[in-house]
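Chains as they are written, first to last, in my numbering: chain A, -3 to 257; chain C, 748 to 885.
Where is the CB? At the ideal position from N, CA and C, for every residue including glycine.
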Amino acid sequence: GSGSVLDGSELQPNFIHRRLRNQEKREMQKEILSILGLNHRPRPHLNSGKYNSAPLFMLDLYNSMSTEEKSDVDQYRSLFTTTRPALASLHDTEFLHDADMVMSFVNLVENDRELSPQRRHHKEFKFNLSQIPEGEAITAAEFRVYKECVTRAFRNETFLLSVFQVVGEHPDRDADLFLLESRRLWAAEEGWLEFDITATSNLWVMSPHHNLGLQISVETSSGWSISPKEAGLVGRDGALERQPFMVAFFKVSEVRIRTAR
Amino acid sequence: STGRRRQQNRNRSNSPQEATKGSAHTDYNSSDQKTACRKHELYVSFRELGWQDWIIAPEGYAANYCDGECSFPLNAHMNATNHAIVQTLVHLMNPENVPKPCCAPTKLQAISVLYYDDNSNVILKKYKNMVVRSCGCH
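So, in structure tokens, the structure goes:
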């Protein structure tokens, strides 16, 4: 901790280990931000010191990339499946090989619509894709939600979980929906559920005004609509490391030319 | 080389071979491992730049740099190109006009950086040519 830029060369004893002066620090920061392709230093708003699910997932991917750089691909895959299989899957690491960039998106809105038994319970999610750097094209995108085991009220029950893209909103009636995927799950199942939303994400990037979010709904095997929370789906009020999020893999679609300073 | 140069050489030595040898002897001393072109450590600390609130990983990285002499004779550990080998000899003969080869990176590696943006979204991106892996004479 003796300085920002250290030269550990023992063959240059006249190199002084020192802290950078303020101006030097600013110059260093400017240069590195320029290399990272950032106009300014980000100032995220983080609620707590702990990481929630999205940074944890991304940290998994980061560690798999770092391991891959050091060792054989097969070695890192076997390492990966023994460390945190519940989070980033082998599927994601395959996307990672082709990606230049991966981005996870914070869920901006989560509305639980607890309605009468006759109406459909659902959860809504929205993600802001407007800050994607220029020149990056989405190659794959996933919506991830964690399901906890629920057997108390639903022993031996199965649920039909449906994920919809919201295509139209109306103030006086239910939104227009486009079914992306339905999946049958056991009540006792536990773990991360991944849903492919690549096409949807590409639409949202190309036409931001079409970005009206996602909805998920759950039905029992007898056709009753229940709240996603009852089915064990973790929402905003759940554990930080199990929050729903969206992740997208990108490939550079145009060469970025760094402007001279 | 010019006539003047030859006169100077004649003053210094009886034959070009002796002048070359002399120079070679001098340069060989500077070509030993201590001053020869090689990789040196240089660590860039994101933490020390005060960026730990938005860069999740890494805390910093070993960028390294290349420095050292590329003088005749170029040794095997200097990763010299064939052209550089020829250039060192030409430099020996004609130092005013032909410089020594440069000590520069021969292999660079990318690093991955994991960071938050202003909206607290998380970005993982690979940046090429950030780390010097090996140096050589070019």
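- Extent of the continuous beta strand (DSSP E) to which LEU175(A) belongs: As a first step, residue 175(A) is located in the first sequence; it is residue number 179 there, counting from the start. Note, LEU175(A): beta strand (DSSP E), 172 to 182.
- Item | Residue from ASN124(A), ILE31(A), PHE245(A) and GLN239(A) with nearest C-alpha to VAL878(C) | Here residue 878(C) refers to the residue found at position 131 of the second sequence. It is ILE31(A).
- Who are the Cβ neighbours of LYS847(C) in its own chain at under 7 Å, not counting the five residues just before and after it? Counting from 1 along the second sequence, the entry for residue 847(C) is found at position 100. Within the same chain, LYS847(C) has close Cβ partners CYS817, SER818, THR835 and HIS838.
- Of the listed residues TYR862(C), ASN811(C), CYS784(C) and ALA857(C), nearest to ARG794(C) (C-alpha basis): Looking up residue 794(C) in the second sequence gives position 47. ARG794(C) has its Cα closest to that of TYR862(C), out of TYR862(C), ASN811(C), CYS784(C) and ALA857(C).
- Given a limit of 8 Å on CB to CB distance, which residues of the segment 864 to 880 of chain C reach chain A? ASP864, ASP865, ASN866, SER867, ASN868, VAL869, ILE870, LEU871, LYS872, LYS873, TYR874 and MET877
- Message: Less than 9 Å between the C-beta atoms of TRP200(A) and PHE123(A), yes or no?
- Response: Start at 1 with the first residue of the first sequence, and residue 200(A) comes out as number 204. Start at 1 with the first residue of the first sequence, and residue 123(A) comes out as number 127. Result yes, Cβ atoms of TRP200(A) and PHE123(A) sit closer than 9 Å.
- With a CB to CB cut of under 6 Å and the five nearest residues on each side skipped, what residues in its chain are close to ALA804(C)? Against the second sequence, residue 804(C) aligns to sequence position 57. Only LEU861 meet the Cβ criterion.
- Message: So ALA804(C) contacts chain A; which residues on that side make the cut at Cβ distance below 7 Å?
- Response: Counting from 1 along the second sequence, the entry for residue 804(C) is found at position 57. Here the neighbours are LEU55 and TYR58.
- Task: Just tell me which of GLY234(A), ILE212(A), ASP233(A) and SER218(A) has its CA closest to the CA of PRO224(A).
- Result: Translated into the one-based positions of the first sequence, residue 224(A) becomes position 228. For PRO224(A), the nearest C-alpha among the options comes from ILE212(A).
- Task: Below 6 Å CB to CB, which residues in the same chain sit around THR227(A) once its five sequence neighbours on both sides are set aside?
- Result: Against the first sequence, residue 227(A) aligns to sequence position 231. Residue identity check: residue 227(A) is Ala in the sequence provided, not Thr. Exclusion of the five residues before and after ALA227(A) leaves PHE155 and VAL214 as the residues of its chain whose Cβ lies within less than 6 Å of its Cβ.
- Proximal residues of chain A, C-beta to C-beta of SER859(C) below 7 Å: Here residue 859(C) refers to the residue found at position 112 of the second sequence. Neighbours of SER859(C) on chain A, chain order: TYR58, MET61 and SER62.
- Item | Option nearest ALA810(C) by Cα separation, candidates TRP798(C), ASN866(C) and ILE858(C) | On the second sequence, position 63 is the one that residue 810(C) refers to. Among TRP798(C), ASN866(C) and ILE858(C), the Cα nearest to that of ALA810(C) is on ILE858(C).
- Query: Between which two residues does the alpha helix (DSSP H) containing THR194(A) stretch?
  - Reply: Taking the first sequence and counting its residues from 1, the one referred to as residue 194(A) is at position 198. Where THR194(A) is concerned, the enclosing alpha helix (DSSP H) stretches over 194 to 202.
- Using a threshold of 9 Å, state whether the C-beta atoms of MET202(A) and VAL791(C) are closer than that. By 1-based counting over the first sequence, the position of residue 202(A) is 206. By 1-based counting over the second sequence, the position of residue 791(C) is 44. No; because the gap between Cβ atoms is not below 9 Å, this pair is not in contact.
- Task: With 9 Å as the threshold, decide whether the Cβ of LYS46(A) is near any Cβ in chain C.
- Result: If you number the first sequence from 1, residue 46(A) lands on position 50. Taking Cβ atoms only, chain C never reaches closer than 9 Å to LYS46(A), which makes this a no.
- For ALA133(A), which residues from the same chain have a beta carbon less than 6 Å from its beta carbon, with the 5 sequence-adjacent residues on both sides left out? Sequence index remark: in the first sequence, residue 133(A) carries index 137 (1-based). Answer for ALA133(A): LYS247 and SER249, listed in chain order.
- Query: Beta-carbon of LEU855(C) versus every beta-carbon of chain A: anything under 9 Å?
  - Reply: In the second sequence, residue 855(C) corresponds to position 108, counting from 1. Output row for LEU855(C): interface = no.
- the segment 824 to 838 of chain C: positions lying closer than 8 Å to chain A by Cβ: none
- Would DSSP call LYS143(A) helix, strand or coil? Walking along the first sequence from the start, residue 143(A) turns up at place 147. It is a strand residue.
- Contact set between PRO240(A) and chain C, taken where Cβ atoms lie within less than 9 Å: Start at 1 with the first residue of the first sequence, and residue 240(A) comes out as number 244. Correct list: empty, because the minimum Cβ distance to chain C is about 14 Å.
- So what does DSSP say about ALA857(C), is it helix, strand or coil? Taking the second sequence and counting its residues from 1, the one referred to as residue 857(C) is at position 110. The answer is strand: DSSP assigns ALA857(C) an E or B state.
- Just the C-alpha distance for LEU173(A) and PHE160(A), rounded to the nearest angstrom, thanks. Counting from one through the first sequence, the residue named residue 173(A) turns up at place 177. Counting from one through the first sequence, the residue named residue 160(A) turns up at place 164. LEU173(A) and PHE160(A): Cα-Cα distance of roughly 6 Å.
- Query: If the cut is a Cβ gap below 9 Å, which residues of chain C does MET99(A) touch?
  - Reply: Position 103 of the first sequence, counting from 1, holds the residue named residue 99(A). The contacting residues are ASP864, ASN868, VAL869, ILE870, LEU871 and LYS872.
- Message: Which residue wins for smallest C-alpha separation from ARG148(A), given the options HIS118(A), TRP182(A) and VAL243(A)?
- Response: Walking along the first sequence from the start, residue 148(A) turns up at place 152. For ARG148(A), the closest C-alpha among the options HIS118(A), TRP182(A) and VAL243(A) is that of TRP182(A).
- Item | 8 Å Cβ shell around SER197(A) - same chain, five flanking residues per side excluded | If you number the first sequence from 1, residue 197(A) lands on position 201. So the qualifying residues of the chain are LEU125, ILE134, ALA137, MET242 and ALA244.
- Given a limit of 9 Å on CB to CB distance, which residues of the segment 18 to 40 of chain A reach chain C? LYS21, MET24, GLN25, ILE28, ILE31, LEU32, GLY33, LEU34, HIS36, ARG37, PRO38, ARG39 and PRO40
- Helix, strand or coil for ASP800(C), going by three-state DSSP, please let me know. As a first step, residue 800(C) must be located in the second sequence, where it is residue number 53. Three-state DSSP puts ASP800(C) in coil, outside helix and strand.
- Please name the residue in ASP864(C), ARG880(C) and CYS884(C) whose C-alpha comes closest to that of HIS787(C). Walking along the second sequence from the start, residue 787(C) turns up at place 40. Each of ASP864(C), ARG880(C) and CYS884(C) was checked against the Cα of HIS787(C), and the nearest Cα belongs to ARG880(C).
- Secondary structure of HIS36(A), DSSP reduced to three states: In the first sequence, counting from the first residue as 1, residue 36(A) sits at position 40. In this structure, HIS36(A) counts as coil in the three-state DSSP scheme.
- Query: Is the shortest distance between the beta-carbon of LEU236(A) and the beta-carbons of chain C less than 9 Å?
  - Reply: Numbered from its first residue, the first sequence carries residue 236(A) at position 240. It does not: the Cβ of LEU236(A) has no partner Cβ on chain C nearer than 9 Å.
- LEU796(C) versus chain A: which residues are under 8 Å apart at the beta carbon? The residue you call residue 796(C) lines up with position 49 of the second sequence. Ordered by position in chain A, the residues that pass the 8 Å Cβ test against LEU796(C) are SER0, LYS21, MET24, GLN25 and ILE28.
- Just reading off the alpha helix (DSSP H) that THR835(C) is part of, what are its end residues? Residue numbering aside, residue 835(C) sits at position 88 when the second sequence is read from its first letter. Judged by DSSP secondary structure, THR835(C) falls within the alpha helix (DSSP H) whose first and last residues are 829 to 840.
- Message: Determine, for ARG232(A), whether the minimum Cβ-Cβ distance to residues of chain C falls below 9 Å.
- Response: Reading the first sequence from its first residue, position 236 is the one you call residue 232(A). ARG232(A) does not count as touching chain C.
- Message: Looking at chain C, is there any beta carbon in it that lies within less than 9 Å of the beta carbon of ASN124(A)?
- Response: Numbered from 1 along the first sequence, position 128 holds the residue referred to as residue 124(A). Chain C contact via Cβ: present.
- Backbone secondary structure at ARG238(A) - three-state DSSP: Taking the first sequence and counting its residues from 1, the one referred to as residue 238(A) is at position 242. It is helical.
- Message: To be precise: take each residue of the segment 202 to 218 of chain A, compare its Cβ to all Cβ atoms of chain C, and keep it if any distance is under 7 Å. Which residues remain?
- Response: none
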